[in-house]
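K.L.:
Handing you this structure, nothing more for now.
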Amino acid sequence: MKSMFKKALAVLMAAAMLFSLAACGGANYTSENTEFIIGVSGPLTGGAAVYGVAVQNAAQMAIDEINAAGGLDGVMFKLIATDDTHDATKVAANYASMLEDGMQVSLGTVTTAPGLEYSKLSAEDNVFFLTPSASGDKIPEFDNGFQMCFADGNQGKVAAEYVNGVYKNDTIGIFYKSDDPYSNGIYKQFKENLDSSVKTVEAVFTDANATDFSAQITTLKDCKFIFMPIYYQPASIFMTQAKSTVAADAIYYGCDGFDGLAGQLDLSTITQEVSMLSHFDSNATEGAAADFVKKYTEKYKAETLNQFGASAYDCIYAIYNAMKAAKEAGKKIDVTISASDLSDILKEQFTGDFTYSGVTGTDISWEDNGYVVKGAVKYDLKKAD
Amino acid sequence: MAKALSAIKWKHYVNYVVVAICTVVFGVMSLTGSLSSSSIYMLEKIAIAIMLAVSLSIVVGFLGELSLGHAGFMCVGAYLGGKTSALLEPLLGDVPTLLVSLVVGGLVAALFGVIIGLPALRLRGDYLAIVTLAFGEIVRSFFMNSSDESFGGSLGLNTPRYDKNTLFIIALVLVLGCLAVTQNLIRSKHGRAITSIRDNEIAARATGINVTKYKLMVFTISSFFAGIAGVLYSYSNFTVQSTKFSYNYSIEILVMVVLGGMGSINGSIIAATLITFLDMKLQTILTGNLAVLQDLFYALVLIVLVIYNNAPGLKSFRETYNLKSLLGKFKKGHDPSKVHDDEAKWDRVPTKIKMDEVLSVDLQTNSPYTPDKPGKGDR
Amino acid sequence: MNIFETLLNGLSMGSTYAMIALGYTMVYGIAKMLNFAHGDVIMVGGYMIFLTMASVGNPILGLAIAVVFCMLLGITIEKVAYKPLRGASPLAVLITAIGVSYLLQSTAQMIFGSAPKMVIVADLGNVMLGSIKLPVYTLVTLGCSFAIMIALSLFVKYTKIGRAMIAVSEDKGAAQLMGINVNGIITITFAIGSALAAFAGFFMLLKSPSLTNTLGAMPGIKAFTAAVIGGIGSIPGAMLGGILMGVVEAISLTIPAIAPYTDAIEFSILIIILLVRPSGILGKKRREKV
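Protein chains in written order, with the numbering used here: chain Z, 1 to 385; chain C, 386 to 764; chain H, 765 to 1054.
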């Protein structure tokens, strides 16, 4: 009886599936487009959702602005944001469905782990992507991939050079997430470039939703300098828990993942110094960054404001500017252009002498291998008391 | 000839036929290029899900042990098979590499199945469930912290992706193989021994069934196919990342088995197909701000379906308003009074024997069957 | 010196696990079901505390509201999702519990968004113990979980409802024949379990202020492991298992070579203990079983 119900249901579903699967493949999906379609896959739900939501919001904001200003010669833009919950196995489906919905250019993925899958998928079809925040060294492995954020390896290297200069013959602490590609990627390059005279004390965590770092704090409590290549959410927990255990004049030093910290934690409640090496500061009070912060907080809640969003905002504008520049240079870009054709045009732009100035830097350019070239600034989020 | 054909119990082969037809139809569609790539990904996922659900179903539905570590076996298969294929691909070419890695992934996973089968001899129920969960997490943690050169560590293992137009055909053929093995096992005397262990282990032992042997056998076969599914998974992705194989994934597979109905292989197949389909459609349709509705929708469907299917209070409702009785009204020549001349459907007969009742016959004083005790007769 | 601090950290982590494990063990002992949604009730409690803190600013009031709300939530979940399945396969109940868990998580994200909330419940500071700084919350959490454990044990042993609970856990049918309202007892058990979850949420926020919709997920699983180590259904067992888990975790995290494998080590200990004692450390003592 029960199985009968299920059998009938199954037949119904099979029929539905046949319909949906029969949707013809191989055709040019963009031929019906009435707008330029930009796709992105990111964690919109689950533990990493705040990063995906930030990218989605900021990218939408940029697109709304561009559309309000008339789009690209009257052609509007549209964003498709799909949810991968930070899970690499969901990317293929997202990618295929966005492509079938007419995606012409994309922001890749928000996080690195799914991005490793995405870069290979998009390389097969030659779909251009400029990722705001998937910072893995291997993300721009193929010629269609570009990054707006610093690659992990570079961040680790720059941080190590800074430490080598200041803490020669000293002991420093490192706190990182051992199973996270971002954290681990920076950590490995950092250790590789660290001067042999610098001794290290290390503590790790693995659970993405960890809320208790007392054991790690005990390990690191005597360090005067703690390098923390982690995202701001665990960092804020660590700092809150450690405020009276770690030396009052210690320095927390992070990478771009630190941005957003101020929205999480009232930094005046801790005594330690906090600084980061990044391309964007959500506390900016002047320049393009301040404009972005103002616009973003007016439109969305300030609690999702972070460098992921800023970077996504820049990505949209960089793609728009590059398309515009190519069109002015005589390239044919109409609304039904195929993803592959647009990719060839954009690749030429981005590896050429195209530069972009925006929220996360000025005169940003790209190396031929897809890495971004822009200034990394050491922001002091809070001076020691 | 006609008699020979009608003598075959078609209901035993209906799932082979359906899967085979799907394989041929979609295979032809794919090779002629009329299948979109999102459909191809879906078919791959469905094939893998069916294999996982069917292989878990023999542990949960037939042996009656709760396993929450199925993703762990799959993880072993995916990493070992993926590593093998990455190493052999340049040497052997596509097809031999696929065969070798399937064998390697399956066998190593089966070995782990034996290792996990051992505590199953000593533990029961939820205790075994938590041990299998622990096993899955340990395996995952091992691969997660492996060095970059061995299994890729946190960045995951890079594996060659098989030609996407044909991989799902291979996967569906392997599903047929998996069905053949499990169904033949279940319908043999070994299968009856296994279900008897589920229904009452002590009684089974008392009738001379080698419980140790069968428990290990089921765990080995189940994990072998989970390993095969893992190898297929590694072929359908460019990277194998250990985060996928957390206990949540084991639970997802368990949901398929339970929704399909315990001890029903067809049910597992249908539920695996449905859930994978629903999951992927929700994921690709609910984009942007609607993404948060995915889990909500999934959760509601899950709760409603399980309550509808299992609630004792809804039994009469289910019996009045089900498709069979509704369809039965339109069926010509259907005579409910006619009894099928089929032998007992052993998988439907409630076999739960209350051993206590059988073994201890209570002595009741006034029962005519109670022998009189000396000195107690006349008072 | 360091060893002492590590042990203290372990006690502090362990007492949180213990508090969650107590809830698990109560519900499991009586309703005989794995309540996978328990961790998410903790999360809901956390959000209740967050809301009260944001509007009134009184943590104790927040705790009270969280406890009441979680009890109501626990009763509702039990009535809607679990009660219809009484008498059905335990696995069916397990699956609805998972469904409820997803439901709570996604509802929380819809209402409160994806960004973590910072809830500074109270800054209790440190006390100096010789030359060691000892966070006060460690003492508070540890003390409270001991108090709750003792209160629960006494409640189960000496009150009418508590004894009815023992009866239901021993044999539902017989308890019903003796005139015990089995459904009522199970509802009460869920209410108590959910109240304990609210307490756990409070102490988790006291320790570290970040609140997301996945707050209870991993601690829930770890605490369940702890309850099994201690012998599920046993109140002191849950406490013991929780503390053991916490101490092992703290020690393992302090040793750099094995720190990344912390989860694996905890789970290995579970397997070893269950192989030696198949029903957990204190699982055999039926007298204390709820």
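Virtual Cβ for every residue (Gly too), placed ideally from N, Cα, C.
Predicted model, so just to flag it, every value in this text is computed and none were measured.
Against chain Z, with Cβ distances strictly below 7 Å, would residue 665 of chain C count as a contact?
P.N.:
The count along the second sequence starts at 1 and reaches residue 665 of chain C at position 280. Judged by the 7 Å Cβ criterion, residue 665 of chain C is in contact with chain Z.
K.L.:
Leaving out five residues before and five after residue 63 of chain Z in sequence, what residues of the same chain have Cβ atoms less than 8 Å from its Cβ?
P.N.:
Within the first sequence, numbered from 1, the residue matching residue 63 of chain Z stands at position 63. Hits under 8 Å: 38, 77, 78, 79 and 316.
K.L.:
Just checking my contact of residue 68 of chain Z with residue 312 of chain Z at CB under 8 Å: how many whole Å lie between their CB atoms?
P.N.:
The sequence position of residue 68 of chain Z within the first sequence is 68, counting from 1. The sequence position of residue 312 of chain Z within the first sequence is 312, counting from 1. That belief does not hold up - the Cβ atoms of residue 68 of chain Z and residue 312 of chain Z are roughly 18 Å apart, past 8 Å.
K.L.:
Does the beta-carbon distance from residue 556 of chain C to residue 429 of chain C come in below 7 Å?
P.N.:
Taking the first residue of the second sequence as 1, we reach residue 556 of chain C at position 171. Taking the first residue of the second sequence as 1, we reach residue 429 of chain C at position 44. In this structure, residue 429 of chain C lies closer than 7 Å to residue 556 of chain C by Cβ.
K.L.:
Within 10 angstroms of its Cβ, does residue 980 of chain H collect 16 or more other Cβ (buried), or is it exposed?
P.N.:
If you number the third sequence from 1, residue 980 of chain H lands on position 216. Buried, by the Cβ-count rule.
K.L.:
Looking at C-beta atoms only, is the number of pairs between the segment 474-488 of chain C and the segment 500-511 of chain C that lie closer than 8 Å three or more?
P.N.:
No: the two stretches stay apart, fewer than three of their Cβ pairs being nearer than 8 Å.
K.L.:
Strictly below 7 Å CB to CB, what residues from chain H border residue 265 of chain Z?
P.N.:
In the first sequence, residue 265 of chain Z corresponds to position 265, counting from 1. Near residue 265 of chain Z (Cβ distances below 7 Å), the residues of chain H are 882.
K.L.:
Taking only runs that begin and end inside the segment 400-426 of chain C, name each unbroken beta strand (DSSP E) of 3 or more residues, in chain order.
P.N.:
Listed in chain order, there is nothing to give.
K.L.:
Using the beta-carbon count (16 or more within 10 Å), is residue 440 of chain C buried or exposed?
P.N.:
Translated into positions along the second sequence, residue 440 of chain C becomes position 55. By the neighbour-count rule (16 or more Cβ atoms within 10 Å), residue 440 of chain C is buried.
K.L.:
Do residue 204 of chain Z and residue 178 of chain Z come within 7 Å of each other at the CB atom, strictly closer than that value?
P.N.:
Position 178 of the first sequence, counted from the first residue, corresponds to residue 178 of chain Z. Position 204 of the first sequence, counted from the first residue, corresponds to residue 204 of chain Z. Yes, they are a contact pair.
K.L.:
If I measure Cβ to Cβ from residue 570 of chain C and keep anything under 6 Å in the same chain, skipping five residues before and after, which residues do I get?
P.N.:
If you number the second sequence from 1, residue 570 of chain C lands on position 185. Only 576 meet the Cβ criterion.
K.L.:
At a cut-off of 6 Å, is residue 68 of chain Z close to the ligand GTP when judged by its beta-carbon and the heavy atoms of the ligand?
P.N.:
Among the components modelled here there is no ligand, and therefore nothing to report on the ligand GTP.
K.L.:
Could you check whether the Cβ of residue 971 of chain H sits closer than 7 Å to any Cβ belonging to chain Z?
P.N.:
One-based indexing of the third sequence puts residue 971 of chain H at position 207. Output row for residue 971 of chain H: interface = yes.
K.L.:
What ranges does the beta strand (DSSP E) occupy inside the segment 286-358 of chain Z, keeping only unbroken runs of at least 3 residues that lie completely in it?
P.N.:
Correct list: 356-358.
K.L.:
Which runs of the beta strand (DSSP E) at least 3 residues long sit entirely within the segment 613-641 of chain C? Give them in chain order.
P.N.:
Those beta strand (DSSP E) runs which fall completely within the segment 613-641 of chain C and span 3+ residues do not exist here.
K.L.:
Taking 7 Å as the cut-off, decide whether the C-beta atoms of residue 210 of chain Z and residue 1018 of chain H are in contact.
P.N.:
For the purposes of this step, residue 210 of chain Z is identified with residue 210 of the first sequence, where counting begins at 1. For the purposes of this step, residue 1018 of chain H is identified with residue 254 of the third sequence, where counting begins at 1. No.
K.L.:
Buried or exposed: where does residue 833 of chain H fall if 16 or more other Cβ atoms within 10 Å of its Cβ makes it buried?
P.N.:
Mapped onto the third sequence, residue 833 of chain H falls at position 69. Result: buried.
K.L.:
Residue 499 of chain C and residue 605 of chain C: beta carbons closer than 7 Å?
P.N.:
Numbered from its first residue, the second sequence carries residue 499 of chain C at position 114. Numbered from its first residue, the second sequence carries residue 605 of chain C at position 220. Yes, the pair counts as a contact, with Cβ atoms nearer than the cut-off.
K.L.:
Please check the pair residue 528 of chain C and residue 627 of chain C, which I expect to be a contact at CB under 8 Å, by giving their CB distance rounded to whole angstroms.
P.N.:
Here residue 528 of chain C corresponds to residue number 143 of the second sequence, with the count starting at 1. Here residue 627 of chain C corresponds to residue number 242 of the second sequence, with the count starting at 1. Going by Cβ atoms, the distance from residue 528 of chain C to residue 627 of chain C rounds to 4 Å, so yes, they are a contact pair.
K.L.:
Give me the DSSP bridge partner(s) of residue 81 of chain Z.
P.N.:
Start at 1 with the first residue of the first sequence, and residue 81 of chain Z comes out as number 81. According to DSSP, which records beta bridges pairwise, residue 81 of chain Z is partnered with Z:40.
K.L.:
State the DSSP-derived secondary structure class of residue 246 of chain Z, mapped to helix, strand or coil.
P.N.:
In the first sequence, residue 246 of chain Z corresponds to position 246, counting from 1. Coil at residue 246 of chain Z, not helix or strand.
K.L.:
Give the interface partners of residue 1027 of chain H over in chain A, defined as CB-CB distance under 9 Å, in chain order.
P.N.:
The structure shown contains no chain A; its protein chains are Z, C and H.
K.L.:
Assuming residue 613 of chain C contacts residue 436 of chain C (C-beta within less than 8 Å), just tell me the rounded distance between them.
P.N.:
For the purposes of this step, residue 613 of chain C is taken as the residue at position 228 of the second sequence. For the purposes of this step, residue 436 of chain C is taken as the residue at position 51 of the second sequence. Between residue 436 of chain C and residue 613 of chain C the Cβ distance is about 7 Å, and since that is below 8 Å, they are a contact.
K.L.:
Any beta carbon from chain Z within less than 7 Å of residue 673 of chain C's own beta carbon?
P.N.:
Stepping through the second sequence from its first residue, residue 673 of chain C is reached at position 288. Answer yes: the Cβ-Cβ gap between residue 673 of chain C and chain Z drops below 7 Å somewhere.
K.L.:
How about residue 657 of chain C and residue 647 of chain C: do their beta carbons lie closer than 7 Å?
P.N.:
As a first step, residue 657 of chain C is located in the second sequence; it is residue number 272 there, counting from the start. As a first step, residue 647 of chain C is located in the second sequence; it is residue number 262 there, counting from the start. Not closer than 7 Å, so no.
K.L.:
Hey, is residue 189 of chain Z's beta-carbon within less than 7 Å of any beta-carbon in chain H?
P.N.:
Your numbering for residue 189 of chain Z matches position 189 in the first sequence. Closer than 7 Å: no.
K.L.:
For residue 1029 of chain H, does the three-state DSSP call read helix, strand or coil?
P.N.:
Within the third sequence, numbered from 1, the residue matching residue 1029 of chain H stands at position 265. Helix.
K.L.:
On the three-pair Cβ rule with 8 Å, is the segment 1040-1049 of chain H touching the segment 812-824 of chain H?
P.N.:
No, the segment 1040-1049 of chain H does not touch the segment 812-824 of chain H.
K.L.:
With C-beta atoms as the reference, is residue 462 of chain C less than 7 Å away from residue 615 of chain C?
P.N.:
As a first step, residue 462 of chain C is located in the second sequence; it is residue number 77 there, counting from the start. As a first step, residue 615 of chain C is located in the second sequence; it is residue number 230 there, counting from the start. Cβ atoms of residue 462 of chain C and residue 615 of chain C: closer than 7 Å.
K.L.:
Quick one: is residue 100 of chain Z near chain H, going by C-beta distance under 7 Å?
P.N.:
Taking the first residue of the first sequence as position 1, residue 100 of chain Z is located at position 100. So, not an interface residue.
K.L.:
Nearest-angstrom Cα distance between residue 916 of chain H and residue 406 of chain C?
P.N.:
As a first step, residue 916 of chain H must be located in the third sequence, where it is residue number 152. As a first step, residue 406 of chain C must be located in the second sequence, where it is residue number 21. Spanning the two alpha carbons is a distance of roughly 60 Å.
K.L.:
Based on the DSSP secondary-structure assignment, which residues constitute the bridge partners of residue 276 of chain Z?
P.N.:
Numbered from its first residue, the first sequence carries residue 276 of chain Z at position 276. According to DSSP, which records beta bridges pairwise, residue 276 of chain Z is partnered with Z:254 and Z:379.
K.L.:
Beta-carbon of residue 244 of chain Z versus every beta-carbon of chain H: anything under 7 Å?
P.N.:
Residue mapping note: residue 244 of chain Z aligns to position 244 of the first sequence, counting from 1. At least one chain H Cβ lies under 7 Å of residue 244 of chain Z.
K.L.:
Alpha carbon to alpha carbon, what distance is there between residue 61 of chain Z and residue 662 of chain C?
P.N.:
On the second sequence, residue 662 of chain C is found 277 positions in, with the first residue counted as 1. On the first sequence, residue 61 of chain Z is found 61 positions in, with the first residue counted as 1. Roughly 33 Å between the two C-alpha positions.
K.L.:
Give a yes or no on whether the minimum CB-CB distance between residue 80 of chain Z and chain C is below 7 Å.
P.N.:
Counting from one through the first sequence, the residue named residue 80 of chain Z turns up at place 80. At least one chain C Cβ lies under 7 Å of residue 80 of chain Z.
K.L.:
Nearest to residue 468 of chain C by alpha carbon, out of C:426, C:410, C:514 and C:541?
P.N.:
Taking the second sequence and counting its residues from 1, one reaches residue 468 of chain C at position 83. Considering only alpha carbons, the answer is C:541.
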